[in-house]
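Undergrad: Respectively, the protein sequence lines represent chains P and Z. Residue numbers for the first sequence follow this note's numbering, beginning at 300 and rising by one. Residue numbers for the second sequence follow this note's numbering, beginning at 140 and rising by one. Think of the CB as a built atom: it goes at the ideal place given N, C-alpha and C, for glycine as much as any other residue. Remember, it's a predicted structure, so these values are computed and weren't measured experimentally.
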Amino acid sequence: MSANASLVRRARWRWPEALVWVIAFGLLFLPPGKHLLLNEIAILALFALSLDLILGYAGIISLGHAAFFGLGAYAAGLMCKHVTPDPLAGLVVATLLAAMMGLLTSLLVLRGSDLTRLMVTLGVALVLHEIANALSRWTGGADGLQGMVVGPLLGRFDFDLYGRTAYAYSLTALFILFLAARRIVHSLFGLSLMAIRRNRLRAAALGVPVNRRLVAVYALSAAYAGAAGALLAQTTAYVSLEVLEFGRSADVLLALIIGGAGWLYGGLAGAVIFKVLQDTLSAGAPQFWMFWMGLFLVVLALVGRDRLFRLVRR
Amino acid sequence: MPSATLLGQALISGVLAGGMYGLLALGLSLSWGLLRLVNLSHFALAFLAAYLTYELGTNYHVAPWWSAMLIVPAMFAMGLAQHWIFDKFKVNELASLLITFSFAIILEVAIQLYWTADYRRYETHYSTMSFKVGPFYIPVLELILCLVAGVLAWGTWLWLRKTYVGKALRAAAEDADIAAAYGVDHKKLAYLLSGMGAAYAGIAGTFIALIATLAPAQIWTWLGVVFAVVIIGRLGNPLGALFAGMLIGASESIAMAVLSPAWAPVVSFSLLIVILLWDPEWL
């Protein structure tokens with residue numbers, strides 16, 4: 300079978316996939332009450348999808364993906380406060396800025412071994428966190444960025460208290476970006492990424508421009524993360540330093556590991572499981588949620604770790 | 140520009156405060172460099188030791204050096220137990236990161252259940268003692284900490300260089316198969332090293348109890364800096380870890396005096412990023 304034919308075969312839509320999206324959009328018509336949670340799930344799903352692009356498809360593990368998420372959130376927040384309240388404009392600007400940041404930091408991240416990379420991603424996020432903290436005149440520092448008044452979506456739909464508009468907005472953004480990601484990973488570009496993930500040296504020997512491909516996918520992933528951050532800022536009308544914290548990078552990595560990296564739906568499934576578990580378990584006591592999460596991770600890492608570590612070249 | 144006295148004082152306090160980074164980095168650097176295990180639970184163990192020191196000190200009036208006699212061996216045992224899991228499941232570098240992260244979370248929850256999330260402070264009269272050299276104040280406790288860290292780092296360095304066990308460990312880290320062919324029992328040595336790393340966390344914990352205010356979430360505050368210290372000092376090099384700790388401590392403190400306190404945390408990672416840019420194979 301030629302490469303082209305196999306790509307076409309894998310890119311074909313199957314009915315369970317369509318069903319997932321029909322259900323996701325169907326939840327919009329739920330009576331009010333759960334839409335705020337659904338909105339959070341959609342945003343985490345987009346964030347996890349962005350991590351999947353680099354972890355699952357290019358084998359780059361990141362401990363600091365919140366850097367781009369936070370940048371997007373602050374960009375959207377500042378756009379809203381100082382330039383225009385229109386959410387779409389903010390989303391576009393935040394996405395582009397995050398992509399540029401991704402391009403810039405890819406120069407750092409792509410140097411050295413896996414572990415160097417791990418530390419540099421962690422470092423970039425920590426440095427951004429401290430910069431955001433230090434520039435409190437702009438970001439509000441530890442108090443957070445307050446006073447965002449987000450305009451109506453498309454000039455018509457106001458963001459309501461129950462989060463229905465928010466969910467519709469986030470889900471639509473997720474859907475569109477997911478389609479784009481799906482198209483990209485099933486293209487020759489995506490195939491070359493997977494070749495790089497499996498064996499970088501061999502891919503280079505076959506004529507794949509390894510570094511250029513990695514830079515491109517890193518910037519793409521950064522853009523997705525920035526979009527997710529912007530969605531969070533706009534739908535909650537608030538940005539705090541928490542968007543850049545290590546915990547956020549860890550959460551998204553966990554969500555992706557739960558769902559499994561490298562098949563796009565992993566981030567979505569992981570986000571649903573992660574948020575629903577968090578919502579139910581932390582209703583009683585927040586510590587227990589953490590405890591179960593920790594225990595679950597140990598088991599996953601010890602028993603089912605092949606699912607993750609098969610993907611990461613060692 | 141601040142005065143020379145202020146700068147000198149900042150330098151001294153920074154170097155002394157950096158001793159804590161170095162002490163925490165010591166155990167981490169050993170397990171990462173020689174066993175290829177990234178041990179995030181190191182911080183949680185240190186805090187567990189700190190809380191135990193606090194508990195014994197406040198409720199049972201046991202002096203910190205006596206409680207350290209109890210706590211450090213206990214930590215050694217915990218290190219062994221943790222390594223047993225790693226050994227059993229043949230954990231690699233990246234999985235170890237994930238697993239020890241979970242251990243740290245579980246320990247954090249345990250600490251929170253017993254000691255609650257409130258801030259705890261172990262009040263001792265020596266925590267504020269200091270003496271004066273010329274125009275500079277030198278805190279006694281931090282000085283002792285630096286001496287202890289120095290002795291440990293130097294001792295470990297010598298141990299790795301000069302003794303058979305140390306040489307065998309380094310050989311096994313270089314190439315486990317070849318070392319095994321020469322009769323190095325890598326597994327036993329790995330247990331020893333894991334225990335030692337945890338024991339160092341215990342020693343660091345004793346000092347944390349005396350110097351810092353304790354809260355469960357504090358476990359994560361030093362993560363970034365200490366990681367940077369471990370890498371800047373080069374993995375598996377105890378003296379490097381200590382010097383890197385003091386270097387970072389000093390640069391943070393100077394940044395605090397010259398720029399503003401908010402910029403101090405940026406220093407360590409900026410330094411790390413510069414080093415990795417300069418030499419990507421530094422790790």
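1) Using C-beta distances below 6 Å, list every residue in its chain close to Leu447 (chain Z), excluding the 5 sequence neighbours before and after it, in chain order.
2) So the candidates are Z:Ala354, Z:Gly379 and Z:Ala318; which of them puts its Cα closest to the Cα of Tyr253 (chain Z)?
3) Can you tell me the Cα-Cα spacing of Phe408 (chain Z) and Leu425 (chain P), whole angstroms?
4) Tell me which residue opens and which closes the alpha helix (DSSP H) that Lys227 (chain Z) is part of.
5) Could you tell me how far apart the beta carbons of Ala393 (chain P) and Ala375 (chain P) are, in whole angstroms, since I believe they sit closer than 8 Å?
6) At the level of alpha carbons, what is the spacing between Ser206 (chain Z) and Glu262 (chain Z)?
7) Taking all protein chains shown into account, do 16 or more other C-beta atoms lie within 10 angstroms of the C-beta of Phe608 (chain P), making it buried, or fewer, making it exposed?
8) Does the Cβ-Cβ distance between Gly401 (chain P) and Ala522 (chain P) come in under 8 Å?
9) Anything in the segment 362 to 376 of chain Z with a Cβ closer than 8 Å to a Cβ of chain P? List those residues in chain order, please.
10) Using a C-beta to C-beta distance shorter than 7 Å, which residues of chain Z count as neighbours of Asn432 (chain P)?
11) Chain P partners of Ile238 (chain Z), CB-CB under 8 Å?
12) So, is Arg416 (chain P) buried or exposed, given that buried needs 16 or more other C-beta atoms within 10 angstroms?
13) Name the chain P residues that come within less than 9 Å of Leu411 (chain Z), Cβ to Cβ?
14) Within the same chain, show all residues whose beta-carbon is closer than 7 Å to that of Thr438 (chain P), passing over the 5 residues directly before and after it, in chain order.
15) Which residues in the same chain have their Cβ closer than 6 Å to the Cβ of Phe186 (chain Z), if we skip the five residues on either side of it in sequence?
16) Helix, strand or coil for Ile393 (chain Z)? Go by DSSP, reduced to three states.
17) Checking contacts by CB at 8 Å: is Gly593 (chain P) closer than that to chain Z?
18) In whole angstroms, what is the alpha-carbon distance linking Leu407 (chain P) and Asp413 (chain P)?
19) Excluding the 5 residues preceding and the 5 following Ser170 (chain Z) in the sequence, name in chain order all residues of the same chain whose CB lies nearer than 7 Å to its CB.
20) Between Val304 (chain Z) and Glu544 (chain P), what straight-line distance do the alpha-carbon atoms span, to the nearest angstrom?
21) Restricting to Cα atoms, I'd like to know which of Z:His264, Z:Ile250 and Z:Tyr265 is closest to Tyr258 (chain Z).
22) Cβ closer than 9 Å: which chain Z residues qualify as neighbours of Thr438 (chain P)?
23) Mind checking whether Phe225 (chain Z) and Ala183 (chain Z) have CB atoms under 8 Å apart?
24) Quick one, are the C-beta atoms of His200 (chain Z) and Tyr330 (chain Z) less than 8 Å apart?
25) Between Phe477 (chain P) and Leu348 (chain P), which are expected to be in contact by the criterion C-beta below 8 Å, what is the C-beta distance as a whole number of angstroms?
26) The beta strand (DSSP E) spanning Lys271 (chain Z) covers which residue range?
27) Assign Arg613 (chain P) to one of three DSSP states: helix, strand, or coil.
TA: In terms of the structure at hand:
1) Given a span of 140 to 422 for chain Z in the structure shown, any question on residue 447 (chain Z) remains unanswerable.
2) Minimum Cα distance to Tyr253 (chain Z) is reached at Z:Ala354.
3) Phe408 (chain Z) and Leu425 (chain P) have their C-alpha atoms some 8 Å from each other.
4) Looking at the DSSP string, the run of the alpha helix (DSSP H) that includes Lys227 (chain Z) is Pro203 to Phe228.
5) Right, the Cβ-Cβ distance comes to about 4 Å (below 8 Å), so this counts as a contact.
6) Their Cα atoms are separated by approximately 15 Å.
7) With a pLDDT of only 49 at Phe608 (chain P), under the threshold of 50, the placement of this residue in the model should not be trusted, and no figure is reported.
8) Contact flag set, yes.
9) Within the segment 362 to 376 of chain Z, the qualifying residues are Leu362, Gly363, Phe366, Ala367 and Ile370.
10) Those are Ala401, listed as they occur along chain Z.
11) For Ile238 (chain Z), the neighbours in chain P by C-beta distance under 8 Å run, in chain order, Leu596, Val597, Ala600 and Leu601.
12) Buried, because 16 or more other Cβ atoms sit within 10 Å of the Cβ of Arg416 (chain P).
13) Within chain P, the residues near Leu411 (chain Z) are Met418, Val419 and Gly422.
14) Cβ within range, chain order: Tyr373, Ala431 and Leu444.
15) Excluding positions up to five away in sequence, the list reads Ile358.
16) Under the three-state reduction of DSSP output, Ile393 (chain Z) falls in the helix class.
17) Interface criterion met: the Cβ of Gly593 (chain P) is under 8 Å from a Cβ in chain Z.
18) Rounded to whole angstroms, Leu407 (chain P) to Asp413 (chain P) spans 12 Å at the Cα level.
19) Taking C-beta separations shorter than 7 Å and ignoring five residues to either side along the sequence, the partners of Ser170 (chain Z) in its chain run Leu176, Asn178, Leu332, Ser333 and Gly336, following chain order.
20) When only Cα atoms are considered, Val304 (chain Z) and Glu544 (chain P) end up about 41 Å apart.
21) Considering only alpha carbons, the answer is Z:Ile250.
22) Residues of chain Z passing the Cβ test: none, with the nearest at roughly 11 Å.
23) No; because the gap between Cβ atoms is not below 8 Å, this pair is not in contact.
24) Contact annotation: His200 (chain Z) and Tyr330 (chain Z) have beta-carbon atoms that are not nearer than 8 Å.
25) The Cβ separation is near 6 Å, so the contact holds.
26) Where Lys271 (chain Z) is concerned, the enclosing beta strand (DSSP E) stretches over Ser269 to Val272.
27) Low local confidence applies: a pLDDT of 36 at Arg613 (chain P) is under 50, so the model's placement there is unreliable, with the coordinate-based value given in what follows. In the three-state reduction of the DSSP assignment, Arg613 (chain P) falls in the coil class, being assigned neither a helical nor a strand state.
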